[in-house]
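Residue numbers (our numbering), protein chains in the order written: chain B, 620 to 1064; chain X, 6 to 299. All remarks here apply to the structure that follows.
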């Protein structure tokens, strides 16, 4: 429905003043001048406005399903398919309240001739959850600006953004050969990647004989391949209060990013046939020492259980025992980190997923080192580089990473802007080039 | 619709009457205004006209047929700022803010700039010593370097981290600026010291897997909500009142050089230099731009 917008009240006053002065002075010029503001008044009053049905709205959300931290591009188009020009069209997108617009603008205005399109491009950053976009509101003003009409138009296309931890995790439908998920050992054996050669022994498979070497040297040798082993890995997600922070308003927290990294990595490991467990430190669980604990296991159901557990950890508030203290229940956290050591078997690899914003996870990794456990630290970066305080936090965090690394742990820095898959591949590729080590991921296949 | 037609008709009618009146007056010649002022009728007309004009200006029409002003809460086009971010979220990197704010408060209260930096000294020293020692340096050597100011090539930063280091001579213009705006000077020196600590830590700490991995995903820029305008006109993060690290030291040196050059440069040269100097007054968004380099 069109509504009137009072605009030319000043013009009425000006007309009255000019006419009064003209009458008083008997000046025809002033009387004629009084018609000018009246002209504006009449022009504004004569204008009409309506939001035509032929204004077609469409929205595209790319991607509409994403993991936390992924920038989401939203494009809203408004096309004038009526036969007339709309002199003033204003559009305001229905952005969900919990999502922050971090690039571009969700509002715009234009004059739309017949067939023309107004496009709004903006970006939001995905945070875990499902978000319904409201219909955009459209306002059309008449040419004179004296009337406005406002309407909400349901757009075609996407209406919902789904942000899930397992949005880009590989499926478990078939046993794959992901680099990330494979663990190899220095012990040679059957496989596909070359490891070494040894002297031929009677009974060796003919397929493993080094025929090229035989042609050159005339002696038979047998090729050893990297042997794949199945192992158990426990991811320890740091969900304590110090880790429940983000790089900035509207960004995913370190716990969300850590849960995403855990989901992705455990999916790859399960797919490759390993047993994976999950422990969450910092939220109230029903496991030992108040730990949220999932025993290492494999299979599709196990992945679903792990995902559910991680989602609960992200949504949970921090442990009640942690509340009220700035750095939250150091004693409890220390006990929980130590408990992981007891719960996981002696040959289990431990992967700490923490932003390393305090020393507690570092001490935990050092405790694991004393128990001689294979250990990895995967640290999502949620610090900002453009403030003094952010830079200070970066230096402290880098020092902690170096401390973990010097203690024998494999430290992985997942910086903002680096895709998780890339950082995992990159980390394992670097690791594969390192000499020594009993068990190392990657490299096989 | 009917009301609109009435308004248009009345307006046009009045306009025509005015045109006719003006034409008549033009034809018969302008009457001489009465020497003793307007009569009672004229005064009444003027009074009524003034009242009508004032009423039209004062009255704010409302009702279902009238659209509220676009800036009012009743306007149904925009409800709340769309770009606003959730305010209940905790952000990282707030530990140092307290120290910087404490230093700025000291400067505001009239303490000398060098003394005002006391609150930021200890945390910065601790961070630097930890980083250098973790990088393989001997703790005693690090302390000696701090006392001598040789851990960095920035004498201002060296003086911030250790009182024993004599700060460099500042040109008169810089000293006047620090005297006029001590809080700004404290923030700048704290930022410069942090930049030097960061550079020294970067050089000392061993490489960690992923540190130099490609960063192809654009990291979005901070929103207007995240920013605030500082007293010197620069844009800063609202959660942290300090300036950027990267290129900050270079910019400071540039300013110092400019101060020394003083009146030697003519205005044209100065304008050229202004255009070419490092663009860091508006903060360092290098980690939030579309082109992210490691």
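Each residue gets a CB set at the ideal place from its N, CA and C atoms; glycine is no exception. If you're wondering where the values come from, they're calculated on a predicted model, not measured in any experiment.
Length of the line joining the Cα atoms of residue i and residue j
i	j	result
residue 719 of chain B	residue 625 of chain B	34 Å
residue 903 of chain B	residue 210 of chain X	36 Å
residue 868 of chain B	residue 856 of chain B	22 Å
residue 206 of chain X	residue 218 of chain X	19 Å
residue 170 of chain X	residue 116 of chain X	19 Å
residue 85 of chain X	residue 1009 of chain B	30 Å
residue 123 of chain X	residue 725 of chain B	45 Å
residue 705 of chain B	residue 659 of chain B	20 Å
residue 141 of chain X	residue 739 of chain B	53 Å
residue 253 of chain X	residue 159 of chain X	For residue 253 of chain X, the pLDDT reaches just 42, beneath the cut-off of 50, and the residue's location in the model is therefore unreliable, although a value from the coordinates is still provided. Roughly 11 Å between the two C-alpha positions.
residue 1007 of chain B	residue 168 of chain X	21 Å
residue 707 of chain B	residue 922 of chain B	53 Å
residue 797 of chain B	residue 883 of chain B	Summary for residue 797 of chain B: the model assigns pLDDT 40, below 50, so the residue's position carries little reliability, and this model does not support an answer.
residue 183 of chain X	residue 1011 of chain B	24 Å
residue 599 of chain B	residue 819 of chain B	Residue 599 of chain B is absent from the model: chain B starts at 620 and stops at 1064.
residue 694 of chain B	residue 741 of chain B	7 Å
Counted within 10 angstroms of its Cβ, other Cβ atoms place residue i as buried (16 or more) or exposed
i	result
residue 757 of chain B	buried
residue 736 of chain B	exposed
residue 212 of chain X	exposed
residue 56 of chain X	exposed
residue 899 of chain B	buried
residue 1022 of chain B	buried
residue 749 of chain B	exposed
residue 728 of chain B	exposed
residue 61 of chain X	buried
residue 951 of chain B	buried
residue 877 of chain B	buried
residue 95 of chain X	exposed
residue 966 of chain B	exposed
residue 97 of chain X	buried
residue 63 of chain X	exposed
residue 10 of chain X	exposed
residue 75 of chain X	exposed
residue 72 of chain X	buried
Residues near residue i by beta carbon distance below 8 Å, same chain, minus five either side
i	result
residue 112 of chain X	118, 121, 187, 188, 190 and 191
residue 935 of chain B	858, 902 and 903
residue 862 of chain B	872, 873, 874, 877, 901, 973, 974 and 976
Cβ-heavy atom distance, residue i to the ligand MG, below 6 Å
i	result
residue 928 of chain B	The model on display carries no ligand, and the ligand MG is accordingly not part of it.
Contact set for residue i: own chain, Cβ-Cβ below 6 Å, skip 5 residues either direction
i	result
residue 879 of chain B	686, 687 and 784
residue 982 of chain B	none
residue 761 of chain B	666, 667 and 668
residue 165 of chain X	122, 194 and 198
residue 257 of chain X	Low confidence applies to residue 257 of chain X: its pLDDT is 48, below 50, so where it sits in the model is not reliable, and the reading given next is rough at best. 197, listed in sequence order.
residue 1030 of chain B	996, 1020, 1023 and 1024
residue 1052 of chain B	With a pLDDT of 48 at residue 1052 of chain B, under the threshold of 50, the modelled position of that residue is not reliable, and the figure given next carries that caveat. Closer than 6 Å at the Cβ level, and outside the excluded window around residue 1052 of chain B, lies no residue.
residue 816 of chain B	829, 840 and 842
Contacting residues, own chain, Cβ-Cβ under 7 Å from residue i (five flanking each side not counted)
i	result
residue 754 of chain B	713, 771, 772, 773 and 774
residue 763 of chain B	662, 663, 665 and 666
residue 765 of chain B	623, 624, 626, 663, 664 and 666
residue 984 of chain B	971, 994, 996, 1023, 1026 and 1028
residue 689 of chain B	745
Next on the checklist: For the segment 78 to 108 of chain X, list every residue whose C-beta sits within 8 Å of some C-beta in chain B, in sequence order.
Outcome noted: Those residues of the segment 78 to 108 of chain X placed with their C-beta closer than 8 Å to a C-beta in chain B are 81, 82, 83, 85, 87, 88, 89, 90, 91, 92, 94, 95, 96, 97, 98, 99, 100, 101, 102 and 105, ordered along the chain.
Next on the checklist: Whether or not the segment 964 to 979 of chain B and the segment 993 to 1013 of chain B are in contact is what I'm after, with contact meaning three or more pairs of Cβ atoms, one per stretch, closer than 8 Å; do they touch?
Outcome noted: Counting C-beta pairs closer than 8 Å gives three or more between the segment 993 to 1013 of chain B and the segment 964 to 979 of chain B, which meets the contact rule.
Next on the checklist: Taking contact to mean 3 or more Cβ pairs, one atom from each stretch, closer than 8 Å, check whether the segment 637 to 647 of chain B and the segment 59 to 70 of chain X are in contact.
Outcome noted: In short, these stretches do not touch, since the Cβ pair count stays below three.
Checklist entry - Given 8 Å as the limit, is there contact between the segment 987 to 995 of chain B and the segment 1011 to 1018 of chain B, that is, 3 or more CB pairs closer than that? => result No, the segment 987 to 995 of chain B does not touch the segment 1011 to 1018 of chain B.
Checklist entry - At a cut of 8 Å, does the segment 150 to 163 of chain X reach the segment 1030 to 1043 of chain B through at least three beta carbon pairs? => result The segment 150 to 163 of chain X vs the segment 1030 to 1043 of chain B: no contact.
Item to check | Members of the segment 16 to 36 of chain X that neighbour chain B once the beta carbon cut-off is set at 8 Å | outcome: Taking 8 Å as the Cβ-Cβ cut-off against chain B, the residues of the segment 16 to 36 of chain X that qualify are 16, 17, 19, 20, 23, 24, 26, 27, 28, 29, 30, 31, 35 and 36.
Next on the checklist: Using a Cβ-Cβ cutoff of 7 Å, what residues of the segment 61 to 79 of chain X are near chain B? List them in chain order.
Outcome noted: Flagged, chain order: 61, 62, 66, 70, 71 and 72.
Item to check | Near-chain X residues of the segment 1026 to 1044 of chain B (beta-carbon distance less than 8 Å), N- to C-terminal order | outcome: Here the close residues are 1029, 1030, 1031, 1032, 1033, 1034, 1035, 1036, 1037, 1038, 1041 and 1042.
Item to check | Chain-ordered residues of the segment 137 to 162 of chain X with a beta carbon less than 8 Å from chain B | outcome: For the segment 137 to 162 of chain X, residues whose beta-carbon sits nearer than 8 Å to a beta-carbon of chain B comprise 139 and 140.
Next on the checklist: Short of 7 Å Cβ to Cβ, which residues in the segment 834 to 867 of chain B face chain X?
Outcome noted: When C-beta distances to chain X are compared with 7 Å, the residues of the segment 834 to 867 of chain B below that value are 863, 864, 865, 866 and 867, in chain order.
Item to check | Residues from the segment 185 to 212 of chain X in contact with chain B, defined by Cβ distance under 7 Å | outcome: Along the segment 185 to 212 of chain X, going in chain order, the ones with a CB nearer than 7 Å to a CB of chain B are 195, 196, 199, 202, 203, 206, 210 and 211.
Item to check | Near-chain X residues of the segment 1001 to 1029 of chain B - C-beta to any C-beta below 8 Å | outcome: Answer in chain order: 1001, 1002, 1003, 1004, 1005, 1006, 1007, 1008, 1009, 1010, 1011, 1012, 1013, 1014, 1015, 1017, 1018, 1020, 1021, 1022, 1024, 1025 and 1029.
Item to check | Within 7 Å of chain X by C-beta, residues of the segment 766 to 790 of chain B in sequence order | outcome: Per Cβ criterion, the list reads 767 and 769.
Checklist entry - Going along the segment 677 to 693 of chain B in order, which residues come within less than 9 Å of chain X, judged by CB to CB distance? => result Within the segment 677 to 693 of chain B, the residues whose Cβ lies closer than 9 Å to some Cβ of chain X are 688, 689 and 690, listed in chain order.
Next on the checklist: Can you pull out the residues from the segment 716 to 731 of chain B whose beta carbon lies closer than 8 Å to at least one beta carbon of chain X?
Outcome noted: Per Cβ criterion, the list reads 716, 717, 719, 720, 721, 722, 724, 725 and 726.
Checklist entry - For the segment 872 to 885 of chain B, which residues have a beta carbon sitting closer than 7 Å to at least one beta carbon of chain X? => result If the cut-off is 7 Å between Cβ atoms, the segment 872 to 885 of chain B has nothing near chain X.
Checklist entry - Listed from N- to C-terminal order along the chain, which residues in the segment 978 to 998 of chain B have their beta-carbon within a distance smaller than 8 Å of any beta-carbon of chain X? => result From the segment 978 to 998 of chain B, no residue has a Cβ closer than 8 Å to chain X.
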